[in-house]
Amino acid sequence: MSYKAKFKVWRGEGGEGKLEDFTVEVNEGEVVLDIIHRLQATQAPDLAVRWNCKAGKCGSCSMEINGKPRLGCMTRMSTFAEDETITVTPMRTFPVIKDLVTDVSFNYQKAREIPSFTPPQGVRPGEYRMQQVDVERSQEFRKCIECFMCNNICHVIRDHEENKPAFAGPRFLMRIAELDMHPYDVADRQESAQEEHGLGYCNITKCCTEVCPEHIKITDNALIPMKERVVDRKYDPLVWLGNKIFRRPK
Amino acid sequence: MSQTTSDAPVRRQRAQIKVRTLRTDRWWLAPLLTFLGLSAFLVYGVWAIFDTPYYVPGAEYIAPFSSPCLATSCPEGARLFGLAPFGDWYTLPPGLLILGLPGGFRLTCYYYRKSYYRSFWLSPPACAVQEPHGKYTGETRLPLIMQNIHRYFFYAAIVIGAILSYDAILALVHKPLGLGSWILLLNAVLIVAYTLSCHSCRHITAGRLNHFSRHPVRYRAWTFVSKLNAKHQPLAWASMFSVMGADFYVRLVAKGIIAFPYA
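Heads up: the protein sequence lines correspond to chains A and B, in order. Residue numbers for the first sequence, in the UniProt record's numbering: 1 to 250. Residue numbers for the second sequence, in the UniProt record's numbering: 1 to 263.
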């Protein structure tokens with residue numbers, strides 16, 4: 001069964017642009033990215049959209065559909081009513097290059113600011129011995145496909161551009177948590193999470209968790225545990241005293 | 001067609017869209033219901049602090065908002081273990097002495113923080129809905145940096161949960177067929193479950209460790225708390241309504257408004 005759907009697609013370069021109306025054919029089983037491609041093929045050949053795998057694993061086709069960050073390739077048209085007008089815009093937190101394509105280099109900059117995995121001195125690759133139970137907590141975070149929808153929806157930078165220098169965003173605070181929980185990582189992550197990467201800006205409103213296409217429990221399993229580790233380190237006098245008196249296990 | 005280079009000023013600009021959100025669902029419903037629910041709890045709490053009576057002698061029911069009763073102004077049977085450590089100089093309502101502890105636990109709870117940041121402070125009201133504030137510093141400075149003392153309120157909440165459980169068991173011993181005894185027991189179970197499902201509890205059990213395999217007992221405790229933690233939000237609401245319901249019920253029995261034999 002096919003029908004004609006009404007679309008509003010944001011078109012423009014830089015920040016300037018507007019929502020343009022389209023009426024376009026939709027066929028059974030299609031996703032929003034299919035419709036964007038049909039628009040390219042039939043009505044707007046210069047419409048820019050970033051995409052790659054069409055399987056929800058590359059994280060390229062992040063966009064905002066009816067105001068919510070979604071992967072275009074994983075948003076089924078059958079979830080909308082046939083008479084509904086569907087609005088498609090680029091991610092709002094990042095600068096626009098053209099149409100639906102945004103410049104996500106903010107995220108690569110933040111990734112570079114986090115020191116990489118730091119094993120103890122004297123332990124060489126091949127000598128790590130870890131139980132599955134010790135690493136499975138951080139394995140959840142490695143499901144991340146870097147679609148950057150969590151950073152896009154986080155109001156700390158979405159609504160406050162001025163916070164971008166101080167705040168790494170949920171994706172990279174999760175990366176810090178992943179490393180801090182790693183049995184063989186010895187770098188000091190807790191102090192820097194708070195002081196350099198802005199963990200304190202997070203007010204745990206869980207939007208990052210709501211939009212994650214991999215269903216990673218970013219807030220409950222990464223950000224809040226990291227906040228608790230920072231409390232251990234900076235705000236809890238009993239833990240501080242315990243660490244001074246006893247050699248507490250890690 | 002012109003090419004936009006990576007350092008061109010136009011690439012520094014976001015899409016200019018003048019509306020707060022393009023969401024088409026009822027995004028305002030959840031923060032509105034949360035606002036109403038939390039407001040009802042606050043209003044009830046203030047009323048309950050100043051309301052008397054709160055104790056049913058014989059059945060040994062004591063309203064949760066007034067337990068533990070620690071002053072000589074409390075009826076003798078209502079005092080915790082018969083003690084009144086605050087003596088007779090304290091004449092304000094007994095609930096004022098202790099409600100700061102469970103109140104502080106809920107105020108600094110990670111779930112409640114989410115709910116009131118969204119519904120009261122609109123920061124943000126819902127995901128992908130622009131917040132109305134011009135500036136945002138989150139929990140980096142006073143007063144919100146004080147949210148980091150949550151674990152101390154957790155320690156206090158464990159004690160309060162134990163006392164409410166003791167109250168429920170005492171009521172069951174004195175009036176095993178009393179509806180109030182079972183209401184108090186249900187409330188105690190929900191309060192304890194909510195307390196144990198706390199993120200700080202999860203951290204304290206073993207969340208702070210990196211080598212679970214070296215601490216199997218703590219790891220098992222962490223696994224149990226993690227399962228409860230996944231239900232933290234529903235437990236927060238269930239225990240909030242149960243404590244209000246149990247408190248109100250005991251007060252109605254104490255006033256004689258509910259007076260059937262198995263009340």
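Yeah, the Cβ is synthetic: ideal placement off N, Cα and C, and Gly gets one too. None of these values were measured; they are calculated from a predicted model.
Against chain B, the beta carbon of A/C202 has neighbours under 7 Å at G138, listed in chain order. In this structure, A/P225 sits away from B/H215, with a CB-CB distance that is not shorter than 8 Å. For B/T223, the enclosing alpha helix (DSSP H) starts and ends at P216 to N229. Where A/V96 is concerned, the enclosing beta strand (DSSP E) starts and stops at V96 to K98. Put simply, of A/T42, A/S116, A/V211 and A/E16 the residue whose alpha carbon is nearest the alpha carbon of A/E25 is A/T42.
Residue environment for B/Y111: buried (at least 16 other C-beta atoms within 10 angstroms of its C-beta).
Listed along the chain, the chain A residues whose CB falls inside 9 Å of the CB of B/I145 are G200 and Y235. Residue-level contact check: B/L22 touches chain A, since one or more beta carbons of chain A fall below 8 Å from its beta carbon.
Contact annotation, B/G207 with A/E228: C-beta distance approximately 6 Å; criterion of less than 8 Å satisfied. Counting the other CB atoms within 10 Å of its CB gives B/G95 a total of 16 or more, which places it among the buried residues. Interface residue (Cβ-Cβ distance to chain B less than 8 Å): A/K6 is not classified as such.
The secondary-structure analysis by DSSP pairs A/P69 across a beta bridge with A/E64.
Using beta-carbon distances, B/Y194 does not count as an interface residue toward chain A, since no partner is under 8 Å. DSSP links A/F7 through a beta bridge to A/F22 and A/I86. In this structure, the beta-carbon distance from B/R251 to B/A63 falls below 8 Å. Here B/G207 carries a helix assignment [DSSP, helix/strand/coil]. CA-to-CA, the gap between A/N152 and B/T195 works out to about 33 Å. Less than 8 Å separates the beta-carbon of B/F154 from that of B/C201. Sixteen is the threshold: since fewer than 16 other Cβ atoms of the shown chains lie within 10 Å of the Cβ of A/H215, the residue is exposed.
Here DSSP, grouped into helix, strand and coil, assigns A/E228 to helix. With respect to the C-alpha of B/L186, the residue from B/I149, B/Y152 and B/L172 having the closest C-alpha is B/L172. Among the residues facing chain A, B/G37 is not included, as its CB has no counterpart in that chain under 8 Å away. By the Cβ criterion, the region 117-129 of chain B is in contact with the region 197-212 of chain A, since at least three pairs of Cβ atoms, one from each stretch, lie closer than 8 Å. Legend: CB atoms of the region 97-111 of chain B lying less than 9 Å from CB atoms of chain A belong to residues Y110 and Y111. If you check the CB distance, B/L184 and B/A238 do not come in under 8 Å. In the three-state scheme derived from DSSP, where H, G and I count as helix and E and B as strand, A/V101 is classed as strand.
From the listed residues A/R92, A/V135 and A/T219, the smallest Cα separation to A/G15 is found for A/R92. It is roughly 8 Å from the alpha-carbon of A/K98 to the alpha-carbon of A/L47.
Listed along chain A is no residue with a C-beta nearer than 7 Å to that of B/F260; the closest approach is about 44 Å. Contact check for B/E139 against A/N203 passes: the beta carbons are separated by less than 8 Å.
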